[in-house]
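So the protein lines, in turn, are chains H and A. Position 69 of the first sequence, counting from 1, maps to 69 under UniProt numbering, and the rest follow consecutively. Position 441 of the second sequence, counting from 1, maps to 441 under UniProt numbering, and the rest follow consecutively.
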Amino acid sequence: MELRINQKAYQVDADADTPLLWVIRDDLGLTGTKYGCGLAQCGACSVLVDGNVVRSCVTPVAGVVGREITTIEAIEADDVGKRVVAAWVEHQVAQCGYCQSGQVMAATALLKHNPAPSDAQIEAAMVNLCRCGTYNAIRTAVHDLAKQESA
Amino acid sequence: MTTRYELPNLSLDAPVNLSRRHFLVSTAVGALVIGFGLPLGSARVQAATAAERGTQVPAFLEIRPDGSVRLLSPFMEGGQGTHTAMAQIVGEELDADPATFIVEAAPPGEAYVVMENGMRITGGSMSVRMSYPTMRRLGALARAMLLQAGAEQLGVPVAELTTQPGRVVHAASGRSLGYGELAARALDMPVPDPASITLRDPSQFRWIGKPVKRLDAYDKSTGKAQYSIDLKVDGMLHAAVQHAPRLGMTVGSLRNQAQVEAMKGVHSVHTLPGAVAVVAERWWHAKRAVEAIQVDWQEPTADSKVRAMPADFSSDGFRDFLAAQQGPARDDENEGDVAAALAGAKTKVEATYHNQYLNHAQLEPPSALARFNPDGSLEIWLPNQAPDMFRADIARRAGLDPTQVTLHSPLLGGFFGRHFLYDSASPYPQAIVLAKAVGRPVKLIWSREEEFLRDVLRPVAVVKFRAALDDKGLPIAIEAVSATEGPTEAIAGKQGEKLDPTALEGLSGKAYAIPNKRIAQIYVKGPAMLGYWRSVGNSLNDFFYEAFLDELADKGGHDPFELRLHLLRDNPRLTTLLQAVGEQSGGWKRGPYTAEDGTRRARGVAMASPFGSHAAVIAEVSIDKGQVKVHQIWEAIDPGSIVNPAIIEAQVNGAVALGLSQTLLEEAVYVDGKPRARNYDLYPILPPSRMAQVHVRIVESGEKMGGIGEPPLPAVAPAVANAVAQLTGQRIRSLPLSRYTFS
Numbered sequence: 001m002e003l004r005i006n007q008k009a010y011q012v013d014a015d016a017d018t019p020l021l022w023v024i025r026d027d028l029g030l031t032g033t034k035y036g037c038g039l040a041q042c043g044a045c046s047v048l049v050d051g052n053v054v055r056s057c058v059t060p061v062a063g064v065v066g067r068e069i070t071t072i073e074a075i076e077a078d079d080v081g082k083r084v085v086a087a088w089v090e091h092q093v094a095q096c097g098y099c100q101s102g103q104v105m106a107a108t109a110l111l112k113h114n115p116a117p118s119d120a121q122i123e124a125a126m127v128n129l130c131r132c133g134t135y136n137a138i139r140t141a142v143h144d145l146a147k148q149e150s151a
Numbered sequence: 001m002t003t004r005y006e007l008p009n010l011s012l013d014a015p016v017n018l019s020r021r022h023f024l025v026s027t028a029v030g031a032l033v034i035g036f037g038l039p040l041g042s043a044r045v046q047a048a049t050a051a052e053r054g055t056q057v058p059a060f061l062e063i064r065p066d067g068s069v070r071l072l073s074p075f076m077e078g079g080q081g082t083h084t085a086m087a088q089i090v091g092e093e094l095d096a097d098p099a100t101f102i103v104e105a106a107p108p109g110e111a112y113v114v115m116e117n118g119m120r121i122t123g124g125s126m127s128v129r130m131s132y133p134t135m136r137r138l139g140a141l142a143r144a145m146l147l148q149a150g151a152e153q154l155g156v157p158v159a160e161l162t163t164q165p166g167r168v169v170h171a172a173s174g175r176s177l178g179y180g181e182l183a184a185r186a187l188d189m190p191v192p193d194p195a196s197i198t199l200r201d202p203s204q205f206r207w208i209g210k211p212v213k214r215l216d217a218y219d220k221s222t223g224k225a226q227y228s229i230d231l232k233v234d235g236m237l238h239a240a241v242q243h244a245p246r247l248g249m250t251v252g253s254l255r256n257q258a259q260v261e262a263m264k265g266v267h268s269v270h271t272l273p274g275a276v277a278v279v280a281e282r283w284w285h286a287k288r289a290v291e292a293i294q295v296d297w298q299e300p301t302a303d304s305k306v307r308a309m310p311a312d313f314s315s316d317g318f319r320d321f322l323a324a325q326q327g328p329a330r331d332d333e334n335e336g337d338v339a340a341a342l343a344g345a346k347t348k349v350e351a352t353y354h355n356q357y358l359n360h361a362q363l364e365p366p367s368a369l370a371r372f373n374p375d376g377s378l379e380i381w382l383p384n385q386a387p388d389m390f391r392a393d394i395a396r397r398a399g400l401d402p403t404q405v406t407l408h409s410p411l412l413g414g415f416f417g418r419h420f421l422y423d424s425a426s427p428y429p430q431a432i433v434l435a436k437a438v439g440r441p442v443k444l445i446w447s448r449e450e451e452f453l454r455d456v457l458r459p460v461a462v463v464k465f466r467a468a469l470d471d472k473g474l475p476i477a478i479e480a481v482s483a484t485e486g487p488t489e490a491i492a493g494k495q496g497e498k499l500d501p502t503a504l505e506g507l508s509g510k511a512y513a514i515p516n517k518r519i520a521q522i523y524v525k526g527p528a529m530l531g532y533w534r535s536v537g538n539s540l541n542d543f544f545y546e547a548f549l550d551e552l553a554d555k556g557g558h559d560p561f562e563l564r565l566h567l568l569r570d571n572p573r574l575t576t577l578l579q580a581v582g583e584q585s586g587g588w589k590r591g592p593y594t595a596e597d598g599t600r601r602a603r604g605v606a607m608a609s610p611f612g613s614h615a616a617v618i619a620e621v622s623i624d625k626g627q628v629k630v631h632q633i634w635e636a637i638d639p640g641s642i643v644n645p646a647i648i649e650a651q652v653n654g655a656v657a658l659g660l661s662q663t664l665l666e667e668a669v670y671v672d673g674k675p676r677a678r679n680y681d682l683y684p685i686l687p688p689s690r691m692a693q694v695h696v697r698i699v700e701s702g703e704k705m706g707g708i709g710e711p712p713l714p715a716v717a718p719a720v721a722n723a724v725a726q727l728t729g730q731r732i733r734s735l736p737l738s739r740y741t742f743s
């Protein structure tokens, strides 16, 4: 099957029900997207599919054929994604960093749909787990991005 | 061990690492290496004398032609910011901007034993505090070598030279040379006598003590940071395992081996001690296949080398068993005459406390990549906190000499104590066997479910307190007898001649002036395998003690904040700290009171002195739909002196999150010898919605430098528990709070 990932076409030989995560990581070698739980619990595997945030560990690869997939590797090619990364660095969000690819994807998806989300919208969208406890830094970074947009 | 740096053209044979590739391209010609020629010697790490420690400059530093500095850190980066701190400390004395540093984990070897206790591990919040003077001196020694090289190259006396960041400067002639231009010559310089080195006056620090940006922030925000689980080498196969449902069980027969071997992508099926494994071309295939294996598991044999988990073990049942233990107990602290004080006391208070088992639940599942090279040597990549100990163990398991083992230590996807040497809880022994068996490199990843099945647990304890109050209601005696097993004695498999300090820390070592006290342990070897969890013994024991102290305050008719101030009246450092957190919160106010949003709230206070630092916490809580909501955490922390206030603030936030997690909702429950939870669905960790606002105040007393990663955690649970007790009138004598019903 053919996948469109980060504006490139890839021919992939995988069973239809293989999770997108493992195609991205093992077949394509794009390891920025992380495996955390395999159950859509933690969000470390978040990618964008047609601009929507999706947990790739439970997304069958056959379901995303013909869709535009974006992984963390191409996030800075997106204007919003680039701003999110800059805010993540500015606010020094990462600790161990393992969940942060997914956090950046979730924030990018939120801000692409809603450039100036309310507090409640931010809370509803930013639900990925972080064991290091970077939640307050994440919140500050997203609020900052939302404020830039509404200002 | 230098191979992968000297042979950039063979990079296909090395793990794919974007940042290193970038480096190899950009510096392929003429790279000056002040380093990597150091023979590693024996695998056994012998502590150098204090005078020699950290003086082998070339083992640590490489300065590239573009002036960037590569530092091999003795300490592992797992989010705590130690690599940035090392760049600040070395850079300060080297006179090189930390932003020009690239920091990676050093290999095993004596050269990197830099801690003042003669060890090299990353743990116990020890990295910075135990290597600070040594790492400063390392930077200063390197600067002296660059100055000497500059003197030779410029043909001027070294005394006429000075430095500015990244450059040797001859002010008299206006000439200067970048460190990158001098490094080749500096390589040949002898390392100066450490006694000849003068360190910078702290008043002149440019980077130490400043909120220098983390070096890994960008890579970790763009997916470029590589963890063990991400690595790949040529010809590599993937492996997954299915563990025995209980530790100690062994593999009988595989009922459907032929069918599994025929599954898509499967290379081979293997039987391992207490596990079956599938090796495949893709990890997904390996995982699917291994989960399809129908194994006849055999009960543990009497000679089992691991701590066998009984079929009837339950965590609640074991807690009751601990509570029933009468002794004998061994004293850790015994001052005054507790028995007499209790006998003569006007008021006596007794209470029994307990905590819960916890998992580490770091986001990166365990993995190990093993490759046997044609010469029989073994190269292995895995997250670890103690490379020398791991290499020795790997060599033993592989039947090799430690010099034949090259251990790489990638970034850790979460620290929390998970990456210590736990015999039954690491994938590398399996990866070694599998790589040997298939004759190709193997990367083994434990699925989240297999990780929850084998993770070592944070210990539980049941603590019986007795205390005596005088006629003013002030505590004059306190006794705590803890039925527990500490993680260190659990790993050893037996009680040592001395008490395991990790069992009682936080009950022991409290600073309150209570004249009669006894802190003792009833050692109870349990069926569950235990390990270190962030803040170790303090993570439970400060909860017990500080919550019981609030009971004493209430019983004696004293405000808990004022009682603590009274009991610390002869301790100016802790008095200052407690007053600081009081001020920070707008003045101590216990409540209950009605907040602006109409919610009823109360506050609790607690203190802890773990890992060489001191912390005071005030928590503000309300009850929302029967659940505890923590609105605010104010935390004042005194680590003596500091290296990076921004990283400290981040570490306090992280410690508060983990502290809230264990307080509010986390619990590893075992029933019938098995964990109830095998993933985050049944083992909830703190989600963003339950995080509190965190306000950090750093108090620099100037005392000996303490730790940062762990000290902010232990006072969180009791501060929350004390606030909840004040708000609800219900004593909190156990964790987590999700077991309570609040209205």
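Glycine included, every Cβ here is placed at the ideal spot set by N, Cα and C.
On a Cα-Cα basis, can you pick out the residue from A:I623, A:Y680, A:A461 and A:I618 that is closest to L713 of chain A?
Ranked by how close their Cα comes to the Cα of L713 of chain A, the residues A:I623, A:Y680, A:A461 and A:I618 have A:I618 in first place.
According to a CB-to-CB cut-off of less than 8 Å, which residues of the segment 675 to 695 of chain A neighbour chain H?
Against chain H - using a Cβ distance shorter than 8 Å - the residues of the segment 675 to 695 of chain A are N679, Y680, D681, I685, L686, P687, P688, S689, M691, Q693 and V694.
When DSSP builds the beta bridges, which residues end up paired with R330 of chain A?
Among the bridge pairs identified by DSSP, R330 of chain A is matched with A:Q521.
Quick check: is the beta carbon of A62 of chain H nearer than 8 Å to any beta carbon in chain A?
Not one chain A Cβ lies under 8 Å of A62 of chain H.
For K674 of chain A, which three-state DSSP category applies?
If DSSP states are grouped into helix, strand and coil, K674 of chain A belongs with the strands.
Shortest alpha-carbon distance to G493 of chain A belongs to which of A:A59, A:A171 and A:R307?
Answer by Cα proximity: A:R307.
Applying the criterion that 16 or more other CB atoms from any shown protein chain within 10 Å of the CB defines a buried residue, is D13 of chain H buried or exposed?
Exposed is the call here.
Measuring only between beta-carbons, confirm whether A608 of chain A sits less than 8 Å from chain H.
Judged by the 8 Å Cβ criterion, A608 of chain A is not in contact with chain H.
Can you pull the chain A residues whose beta carbon is under 8 Å from the beta carbon of L39 of chain H, in chain order?
One finds R448, N679, Y680 and D681 in chain A with Cβ atoms closer than 8 Å to the Cβ of L39 of chain H, taken in chain order.
What residue range is occupied by the uninterrupted beta strand (DSSP E) comprising A345 of chain A?
That residue, A345 of chain A, is in no beta strand (DSSP E); it is neither H nor E in DSSP.
So the candidates are A:M263, A:V295, A:H285 and A:K264; which of them puts its Cα closest to the Cα of V276 of chain A?
Closest by C-alpha distance to V276 of chain A, out of A:M263, A:V295, A:H285 and A:K264, is A:V295.
Among the candidates A:I708, A:G707 and A:R733, whose CA atom is the shortest distance from the CA of F719 of chain A?
Here residue 719 of chain A turns out to be Ala, not Phe, going by the sequence shown. Shortest Cα-Cα distance from A719 of chain A to any of A:I708, A:G707 and A:R733 involves A:R733.
For chain H, is any of its Cβ atoms less than 8 Å away from the one on L665 of chain A?
False, the Cβ-Cβ gap to chain H never drops below 8 Å.
Let's see if you can read the secondary structure: which residues bound the beta strand (DSSP E) around G178 of chain A?
Going by DSSP, G178 of chain A is part of the beta strand (DSSP E) stretching over R175 to G178.
D332 of chain A classed as buried or exposed, judged by whether at least 16 other C-beta atoms fall within 10 angstroms
Buried: at least 16 other Cβ atoms inside 10 Å.
In chain A, what lies closer than 8 Å to N136 of chain H by C-beta?
Per Cβ cutoff of 8 Å: N653, M691, Q693 and V694.
Could you say if the segment 452 to 460 of chain A and the segment 415 to 428 of chain A meet the contact criterion of at least three C-beta pairs nearer than 8 Å?
These segments touch.
I'd like to know whether the C-beta of R83 of chain H is nearer than 8 Å to at least one C-beta of chain A.
R83 of chain H does not count as touching chain A.
Nearest chain H C-beta to R458 of chain A closer than 8 Å, yes or no?
It does not: the Cβ of R458 of chain A has no partner Cβ on chain H nearer than 8 Å.
Taking 8 Å as the threshold (C-beta atoms), are C99 of chain H and L363 of chain A in contact?
A contact, by the Cβ cut-off of 8 Å.
Give me whichever residues DSSP pairs with L61 of chain A in a beta bridge.
Beta-bridge pairing links L61 of chain A to A:L71.
Could you pull the DSSP bridge partners for H631 of chain A from this structure?
As computed with DSSP, H631 of chain A is found in no beta bridge at all.
Here's the rule I'm using: 16 or more other beta-carbon atoms within 10 Å means buried, otherwise exposed. How should V260 of chain A be labelled?
Only buried fits V260 of chain A, as 16 or more other CB atoms lie within 10 angstroms of its CB.
Neighbourhood of N56 of chain H by C-beta distance below 8 Å, restricted to the same chain and skipping five residues each side:
For the record, residue 56 of chain H in the displayed sequence is Ser; it is not Asn. Closer than 8 Å at Cβ, skipping near neighbours: P19, L20, L21, I24, T33, C45, S46 and V47.
Of the residues H:A62, H:P115, H:E76 and H:D144, the one placed nearest E90 of chain H, counting alpha carbons only:
For the set H:A62, H:P115, H:E76 and H:D144, the Cα lying nearest the Cα of E90 of chain H is the one of H:D144.
Taking buried to mean at least 16 other C-beta atoms within 10 Å of its own C-beta, is Y523 of chain A buried or exposed?
Within 10 angstroms of the beta-carbon of Y523 of chain A lie 16 or more other beta-carbons, which makes it buried.
I need the straight-line Cα distance from W381 of chain A to L369 of chain A, nearest angstrom please.
It is roughly 5 Å from the alpha-carbon of W381 of chain A to the alpha-carbon of L369 of chain A.
Count the other CB atoms within 10 Å of the CB of L199 of chain A; is the residue buried (16 or more) or exposed (fewer)?
Under this definition L199 of chain A is an exposed residue.
Per DSSP, cross-strand counterpart(s) of Q662 of chain A:
The partner list for Q662 of chain A (beta bridge, DSSP) is empty, contrary to what the question assumes.
Kindly indicate which residue of A:V442, A:E667, A:K510 and A:A520 has the alpha-carbon position closest to the one of N334 of chain A.
With distances taken between Cα atoms, N334 of chain A lies closest to A:A520.
Please list, in chain order, the residues of the segment 615 to 636 of chain A that have any C-beta partner in chain H closer than 7 Å.
Hits within the stretch: zero.
Could you check the C-alpha separation between M389 of chain A and L421 of chain A for me, to the nearest Å?
So the alpha carbons of these two residues sit roughly 7 Å apart.
Is the beta carbon of A186 of chain A less than 8 Å from the beta carbon of L146 of chain A?
Result yes, Cβ atoms of A186 of chain A and L146 of chain A sit closer than 8 Å.
Leaving out five residues before and five after G327 of chain A in sequence, what residues of the same chain have Cβ atoms less than 7 Å from its Cβ?
For G327 of chain A, where only same-chain residues beyond five positions count, the Cβ hits under 7 Å are I522.
For S738 of chain A, which residues from the same chain have a beta carbon less than 7 Å from its beta carbon, with the 5 sequence-adjacent residues on both sides left out?
Beyond the five residues adjoining it in sequence on each side, S738 of chain A comes within less than 7 Å, by CB distance, of L664 and L665 in the same chain, given in chain order.
For a quick check, are the C-beta atoms of M86 of chain A and V103 of chain A less than 8 Å apart?
M86 of chain A places its beta carbon less than 8 Å from that of V103 of chain A.
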